[in-house]
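Visitor: The structure follows.
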Amino acid sequence: MIDLHQHTNCSDGLLSIEETIHRCINNHVKTISITDHDSFQSQNDAILICKKNNIKYIYGVELSAVYENQSVHVLGYFPNYPSSSLERYVANQRIITTVKANRSKSKSVPVGYYPIEEITRLIHASNGYAILAHPVIYSPIINELVSMVDGIECINPSQDLEFTEEMIQLCREFNLLCTFGTDFHGIEHENIHNYNSLCEQYSHVIEPFLSKIHSRTL
Numbered sequence: 033m034i035d036l037h038q039h040t041n042c043s044d045g046l047l048s049i050e051e052t053i054h055r056c057i058n059n060h061v062k063t064i065s066i067t068d069h070d071s072f073q074s075q076n077d078a079i080l081i082c083k084k085n086n087i088k089y090i091y092g093v094e095l096s097a098v099y100e101n102q103s104v105h106v107l108g109y110f111p112n113y114p115s116s117s118l119e120r121y122v123a124n125q126r127i128i129t130t131v132k133a134n135r136s137k138s139k140s141v142p143v144g145y146y147p148i149e150e151i152t153r154l155i156h157a158s159n160g161y162a163i164l165a166h167p168v169i170y171s172p173i174i175n176e177l178v179s180m181v182d183g184i185e186c187i188n189p190s191q192d193l194e195f196t197e198e199m200i201q202l203c204r205e206f207n208l209l210c211t212f213g214t215d216f217h218g219i220e221h222e223n224i225h226n227y228n229s230l231c232e233q234y235s236h237v238i239e240p241f242l243s244k245i246h247s248r249t250l
């Protein structure tokens with residue numbers, strides 16, 4: 033099993049880093065990533081806990097971006113701890129977002145976010161891969177977004193089988209990477225069993241991503 037999209041109480045998750053990883057252990061997950069929102073706070077502890085429990089870990093983060101006034105979430109995955117410049121960028125982004133949100137009179141337009149192209153550029157500068165998170169949310173503009181990322185989160189509990197297969201085919205068409213993730217925040221998704229089944233059925237489609245990210249490890 034693989035789960036590359038999870039949140040802890042370092043961002044908006046309910047569980048601690050250790051509790052989140054032990055959930056993975058209980059669910060027989062062998063490769064994971066903690067992808068807290070706009071934060072790398074969980075990374076060092078996560079890698080240490082995973083090493084103790086013989087679980088493969090991929091450094092990750094979920095970054096807030098914007099495309100044509102719409103909020104878009106991009107998962108960044110890295111073979112090593114992300115660069116200090118990206119860490120500073122994310123810290124500054126959180127501050128700017130909070131300040132602008134407090135001052136903004138409109139809640140409909142994302143504030144403090146950076147264009148998706150800039151987010152992808154920063155991920156690449158840190159030797160990482162940019163993956164579009166939970167693509168079903170962006171289905172009306174998915175064909176526009178795929179040109180700005182390295183891959184798509186093809187399997188997610190919020191998606192049905194038909195949409196999952198559409199995303200896998202889209203990745204094949206545009207030569208993009210596929211990833212899997214539950215977007216776990218502390219409460220199990222009602223479709224988690226479907227997710228587990230799809231992970232097994234389509235395990236071959238994530239292999240190119242795993243191969244690429246591990247080959248970059250220094």
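So in my numbering, spot 128 of the sequence shown is number 160, and the numbers just go up one at a time. Ideal placement from N, C-alpha and C gives every residue a C-beta, glycine not left out. Note that the structure is predicted; figures quoted are calculated from it, not measured.
Evaluate Ala157 with the Cβ neighbour count: other Cβ atoms within 10 Å of its Cβ, from every protein chain shown; 16 or more gives buried, anything less gives exposed.
Guide: Taking the first residue of the sequence shown as position 1, residue 157 is located at position 125. Exposed, since its Cβ has fewer than 16 Cβ neighbours within 10 Å.
Visitor: Assuming His236 is part of the alpha helix (DSSP H), what are its boundary residues?
Guide: Working through the sequence shown from its first residue, we reach residue 236 at position 204. Element bounds for His236: Ser235 to Ser247.
Visitor: Determine which residues share a DSSP beta bridge with Asp35 and list them.
Guide: For the purposes of this step, residue 35 is taken as residue 3 along the sequence shown, with counting starting at 1. Answer is Ile64, bridged to Asp35.
Visitor: Could you check how far apart the C-beta atoms of Asn178 and Ile184 are, in whole angstroms? I think they sit under 8 Å.
Guide: Indexing the sequence shown from 1 puts residue 178 at position 146. Indexing the sequence shown from 1 puts residue 184 at position 152. Before going on, a small fix: residue 178 reads as Val here, not Asn. Sure, about 7 Å apart at Cβ, within 8 Å.
Visitor: Measuring alpha carbon to alpha carbon, tell me which residue in Val104, Phe241, Ile155 and Gly92 is nearest Ser171.
Guide: Sequence index remark: in the sequence shown, residue 171 carries index 139 (1-based). Checking every option, the nearest Cα to that of Ser171 belongs to Val104.
Visitor: Can the beta-carbon of Ala78 be found closer than 8 Å to that of Ile53?
Guide: Taking the first residue of the sequence shown as position 1, residue 78 is located at position 46. Taking the first residue of the sequence shown as position 1, residue 53 is located at position 21. Yes, these two residues count as a Cβ contact at 8 Å.
Visitor: Whose CA, out of Asp215, Glu220, Asn41 and Arg248, lies closest to the CA of Ser65?
Guide: Here residue 65 corresponds to residue number 33 of the sequence shown, with the count starting at 1. Of Asp215, Glu220, Asn41 and Arg248, the residue nearest in Cα terms is Asp215.
Visitor: Measure the C-alpha to C-alpha separation of Gln73 and Cys42 and round it to an integer number of angstroms.
Guide: By one-based count along the sequence shown, residue 73 stands at place 41. By one-based count along the sequence shown, residue 42 stands at place 10. Spanning the two alpha carbons is a distance of roughly 6 Å.
Visitor: Where do the N-terminal and C-terminal ends of the beta strand (DSSP E) with Ala78 fall, by residue?
Guide: The sequence position of residue 78 within the sequence shown is 46, counting from 1. Not the beta strand (DSSP E): Ala78 falls in the alpha helix (DSSP H), residues Gln75 to Lys84.
Visitor: What's the C-alpha gap between Leu208 and Asn124?
Guide: Your numbering for residue 208 matches position 176 in the sequence shown. Your numbering for residue 124 matches position 92 in the sequence shown. Roughly 30 Å separates the two Cα atoms.
Visitor: Would you mind working out which of Val93, Glu50, Thr63 and His37 sits nearest Glu239, comparing C-alpha positions?
Guide: As a first step, residue 239 must be located in the sequence shown, where it is residue number 207. The option with the nearest alpha carbon to Glu239 is Thr63.
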